[in-house]
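One structure below.
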Amino acid sequence: LVCSTVNAYIQAFHGDFTIELYRAHVEDIAKILLIHMDDQNTQIQNAVFDTVFQFATQLKDASEIFINEIRNVKHKHRNQTLCDTLIERIQKSK
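Numbering (UniProt numbering), first residue to last: 1 to 94.
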């Protein structure tokens, strides 16, 4: 449910979005989402993975923020491969 709300939020941004004005907000959202991507439930992990991917790729210039945040927390995650996969997918989408 939360992921679908965040996905709708992402869709609300328009082409005139300037990452520099919202950098702190995007960083906080990335940190919060990545906490939940480490959930024990794989369904939650996958839902958050998709949401992070959407956020990182649909907002202009947000990909590097998300990649940096993923790298910052990867060592804390149970499934570090999921973090690597997410980084790879974000990089390929550029």
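Backbone N, C-alpha and C fix where the C-beta goes; we use that ideal spot for every residue, glycine too.
Per-residue burial, residue i [other beta carbons within 10 Å of its own, 16 or more giving buried]
i   : result
I52 : In the sequence on display, residue 52 carries Val and not Ile. It counts as buried.
V48 : buried
L86 : buried
E20 : exposed
Whole-Å CB distance - residue i paired with residue j, under 8 Å assumed
i   : j   : result
A62 : V6  : No, A62 and V6 are not in contact; Cβ-Cβ is about 13 Å, not under 8 Å.
I65 : I90 : Not really, about 10 Å apart at Cβ, beyond 8 Å.
Candidates the options, of which the one nearest residue i by Cα
i   : options            : result
A8  : Q40, K76, K74, F55 : F55
C3  : D38, D39, D50, F13 : D50
Q80 : T18, D39, T57, K60 : D39
Next item on the list: Go through the region 12-94 residue by residue and report every complete run of the alpha helix (DSSP H) that reaches 4 residues or more, in order.
Entry: Whole alpha helix (DSSP H) segments, 4+ residues: 19-36, 42-58, 63-73, 80-92.
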